[in-house]
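Below you'll find the structure, written out as structure tokens, and then a few comments.
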Amino acid sequence: MNNKTILVTSPLLPDLDEFNQLLHEIWDSKWVTNNGTFHKQLEQALCEYLKVPYISIFTNGTLPLITALQALRVTGEVITTPYSFVATTHALWWNGIRPVFTDIDPATGGLDPERIEEAITPRTTAIMPVHVYGKPCRTAEIQAIADKYGLKVIYDAAHAFGVEVNGESVLKEGDLSTLSFHATKVYNTLEGGALVMHDEKMKQRIDRLKNFGFAGETEVVAPGINSKMDEVRAAYGLLNLRQVDAAIEARHQVAVSYRAALRDVEGITFWDDMPGVRHNYSYFPIFIDADRYGMTRDELYFKMREQGILGRRYFYPLISEFSTYRGLPSAHPDNLPQATRMANSVICLPMHHELTEADINRIIQAIVK
Ligand code: T4K
Numbered sequence: 099m100n101n102k103t104i105l106v107t108s109p110l111l112p113d114l115d116e117f118n119q120l121l122h123e124i125w126d127s128k129w130v131t132n133n134g135t136f137h138k139q140l141e142q143a144l145c146e147y148l149k150v151p152y153i154s155i156f157t158n159g160t161l162p163l164i165t166a167l168q169a170l171r172v173t174g175e176v177i178t179t180p181y182s183f184v185a186t187t188h189a190l191w192w193n194g195i196r197p198v199f200t201d202i203d204p205a206t207g208g209l210d211p212e213r214i215e216e217a218i219t220p221r222t223t224a225i226m227p228v229h230v231y232g233k234p235c236r237t238a239e240i241q242a243i244a245d246k247y248g249l250k251v252i253y254d255a256a257h258a259f260g261v262e263v264n265g266e267s268v269l270k271e272g273d274l275s276t277l278s279f280h281a282t283k284v285y286n287t288l289e290g291g292a293l294v295m296h297d298e299k300m301k302q303r304i305d306r307l308k309n310f311g312f313a314g315e316t317e318v319v320a321p322g323i324n325s326k327m328d329e330v331r332a333a334y335g336l337l338n339l340r341q342v343d344a345a346i347e348a349r350h351q352v353a354v355s356y357r358a359a360l361r362d363v364e365g366i367t368f369w370d371d372m373p374g375v376r377h378n379y380s381y382f383p384i385f386i387d388a389d390r391y392g393m394t395r396d397e398l399y400f401k402m403r404e405q406g407i408l409g410r411r412y413f414y415p416l417i418s419e420f421s422t423y424r425g426l427p428s429a430h431p432d433n434l435p436q437a438t439r440m441a442n443s444v445i446c447l448p449m450h451h452e453l454t455e456a457d458i459n460r461i462i463q464a465i466v467k
């Protein structure tokens, strides 16, 4: 039996020789960070690839969230989802904003628009939903509520690189959208991230905020931070952009195989592609109904681990269950029944561009009894 460990993901790496050539260029130029040539080229290339008008690249995917809240001067309370990576809520806390958790829609995994209005108070200034697993939220309904109450919308689109709805980038929704280019993402720059905005003025504001608030050599116009991407990772990112479509297609084929094999397994559910959506197959979550499947989620998770198959329980526990946030009134499980159910039943199966047919068969055999 092949006992090779199968990890939940594997980073998309550029060709080392090509990367080396670009490193030589950086070494020759001696310009290694602060809006260098590759930084500019990557922003341009990403705008084209993602079909968005303006982008500002960052050193990771958490600082764009923190900076977006600064850029839009968000204060008070923000309505957000507990079903995400903890960085989503941390970004609010770092801005002195109180997170208000609301429940999710089990059809998308994102905020349920029908639960948002009841959470709005006079202190609410924004909504921060997440396109979890790259599945688009119900954006039109969320925007309608935001417009009605005069709220900002910041999408944590860390998982939604390249996702389109009816040919339009999902990153154009809301006031701002953030991306993560972490090694575990569909598209990576080792560590990295970005903010997508609608206009040049906002790009200028965000470019300044990520560079200490500098507007020219001797002027500081805002209390900025340092969250710039360096030239080495920008060059890496340019190379990875050339192969990201092939990687997404390889992931698509993995999803096709999983769906075919798991569709009739009693007690296992998963999502199919949404009509009109270009998915990126960043994750492949399955949900286990213990009564029907005959085993709990954790029993299956640990059984897979024993066989060297390292899926992950993204996103368990809910952010609202961490001791840091548990005390908030909105964190009570009674307020979050769908999110609680999903967090307690999910396993993200291994999903990346290098999974072989043998790997996929091993994973399927571990699940199909
Ligand atoms: N918003 C959302 C919705 C997010 O999901 C995230 C990050 C953020 C914001 C913040 O973005 P960043 O600031 O991170 O750019 C991972 C990632 O570290 C994190 O980026 C990601 N979300 C989260 C969902 O997953 P861990 O703690 O699960 O990572 P780790 O180190 O256990 O890696 C997972 C697996 O990936 C490993 O078992 C093997 C594989 N791997 C990982 C790394 C780092 C590799 O094969 N090579 C590698 O270099 O958090």
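Numbering (my numbering), first residue to last: 99 to 467.
Backbone N, C-alpha and C fix where the C-beta goes; we use that ideal spot for every residue, glycine too.
Next item on the list: From the DSSP output, in three-state form, read off E452 for me.
Entry: In the sequence shown, counting from the first residue as 1, residue 452 sits at position 354. Of the three classes helix, strand and coil, the one that applies to E452 here is coil, per DSSP.
Margin query: So the candidates are E266, L307, G272, I323; which of them puts its Cα closest to the Cα of I243?
Written below: Position 145 of the sequence shown holds residue 243. If we check each option's Cα against that of I243, G272 comes out closest.
Margin query: Quick check: what's the CA-CA separation for V319 versus A169?
Written below: One-based indexing of the sequence shown puts residue 319 at position 221. One-based indexing of the sequence shown puts residue 169 at position 71. Looking at the two C-alpha atoms, the distance is approximately 12 Å.
Next item on the list: Please name the residue, chosen from G194, F312, F183, F413, that lies closest to N500 on a Cα-to-Cα basis.
Entry: With the chain covering 99 to 467 only, the question about residue 500 has no answer from this structure.
Notebook entry, point to check: According to DSSP, is N101 helix, strand or coil?
Noted result: Sequence index remark: in the sequence shown, residue 101 carries index 3 (1-based). Three-state result, N101: coil.
Next item on the list: Examine the ligand T4K and report whether any of its heavy atoms sits within less than 8 Å of the Cβ of N158.
Entry: Residue mapping note: residue 158 aligns to position 60 of the sequence shown, counting from 1. N158 Cβ: within cutoff of the ligand T4K.
Notebook entry, point to check: Among the residues of its own chain, which have a CB less than 6 Å from the CB of P210, if the five just before and after it don't count?
Noted result: Working through the sequence shown from its first residue, we reach residue 210 at position 112. In the sequence as displayed, the identity of residue 210 is Asp instead of Pro. Same-chain partners within the cutoff: D201, I202, D203.
Check: DSSP three-state call for P415: helix, strand or coil?
Finding: Translated into the one-based positions of the sequence shown, residue 415 becomes position 317. Looking at P415 - three-state DSSP - the assignment turns out to be coil, as it is neither helix nor strand.
Margin query: Taking 8 Å as the cut-off, is the beta-carbon of E271 closer than that to any non-hydrogen atom of the ligand COA?
Written below: The ligand COA is not among the ligands present in this structure, which contains only the ligand T4K.
Next item on the list: Taking the CB atoms as reference points, tell me whether T135 and E404 lie closer together than 9 Å.
Entry: On the sequence shown, residue 135 is found 37 positions in, with the first residue counted as 1. On the sequence shown, residue 404 is found 306 positions in, with the first residue counted as 1. No. Outside cutoff.
Notebook entry, point to check: Quick one: what's V318 bridged to in DSSP?
Noted result: The sequence position of residue 318 within the sequence shown is 220, counting from 1. Beta-bridge pairing links V318 to F312.
Check: By DSSP, does Y379 sit in helix, in strand, or in coil?
Finding: Your numbering for residue 379 matches position 281 in the sequence shown. Correct three-state label for Y379: coil.
Margin query: Considering Cα atoms alone, identify which of R236, N264, G260 is closest to V251.
Written below: For the purposes of this step, residue 251 is identified with residue 153 of the sequence shown, where counting begins at 1. Comparing Cα-Cα distances from V251 to each of R236, N264, G260, the minimum goes to R236.
Check: If we call anything under 9 Å between Cβ atoms a contact, is S182 one with I417?
Finding: Reading the sequence shown from its first residue, position 84 is the one you call residue 182. Reading the sequence shown from its first residue, position 319 is the one you call residue 417. Contact flag set, yes.
Next item on the list: Quick one: residues in its chain with C-beta nearer than 8 Å to the C-beta of F310, no 5 flanking neighbours on either side, listed in chain order?
Entry: Position 212 of the sequence shown, counting from 1, holds the residue named residue 310. Excluding sequence neighbours, F310 sits near V318, G322, I323, N324.
Checklist line | Sheet register partners of Y152 (DSSP bridge) | finding: What you label residue 152 is simply residue 54 of the sequence shown in a count that begins at 1. Y152 is bridged to M295.
Check: If you compare alpha carbons, which of N158, D396, T165 is closest to K283?
Finding: Start at 1 with the first residue of the sequence shown, and residue 283 comes out as number 185. When only C-alpha atoms are compared, the closest one is N158.
Next item on the list: Grab the span of the beta strand (DSSP E) containing Y247 for me, first residue to last.
Entry: Here residue 247 refers to the residue found at position 149 of the sequence shown. Not the beta strand (DSSP E): Y247 falls in the alpha helix (DSSP H), residues 237–247.
Next item on the list: Whole angstroms is fine: what's the gap from D343's alpha carbon to Y356's?
Entry: Position 245 of the sequence shown holds residue 343. Position 258 of the sequence shown holds residue 356. One C-alpha to the other measures close to 20 Å.
Next item on the list: State the start and end residues of the unbroken alpha helix (DSSP H) segment that holds E347.
Entry: Taking the first residue of the sequence shown as 1, we reach residue 347 at position 249. It spans 329–360 - the alpha helix (DSSP H) in which E347 sits, taken as one unbroken run.
Note to self: At the level of alpha carbons, what is the spacing between K102 and D457?
What the structure shows: For the purposes of this step, residue 102 is identified with residue 4 of the sequence shown, where counting begins at 1. For the purposes of this step, residue 457 is identified with residue 359 of the sequence shown, where counting begins at 1. For K102 and D457, the distance between alpha carbons rounds to 9 Å.
Next item on the list: Take the Cβ of V130 as the centre, count every other Cβ of all protein chains shown within 10 Å, and call the residue buried at 16 or more, exposed below.
Entry: Counted from its first residue, the sequence shown places residue 130 at position 32. Label assigned to V130: exposed.
Next item on the list: Would you check whether the ligand T4K has a heavy atom nearer than 8 Å to the C-beta of R410?
Entry: Indexing the sequence shown from 1 puts residue 410 at position 312. R410 Cβ: within cutoff of the ligand T4K.
Next item on the list: Would you kindly report the start and end of the unbroken beta strand (DSSP E) that includes S278?
Entry: Mapped onto the sequence shown, residue 278 falls at position 180. Note, S278: beta strand (DSSP E), 274–278.
Check: Between S278 and the ligand T4K, is the CB less than 8 Å from at least one heavy atom?
Finding: Locating residue 278 in the sequence shown gives position 180, counting from the first residue. S278 Cβ: within cutoff of the ligand T4K.
Checklist line | the ligand T4K heavy atom lying under 8 Å from the CB of D203 | finding: Along the sequence shown, read from residue 1 onward, the residue named residue 203 stands at position 105. Because no heavy atom of the ligand T4K lies under 8 Å away, the Cβ of D203 does not count as near it: no.
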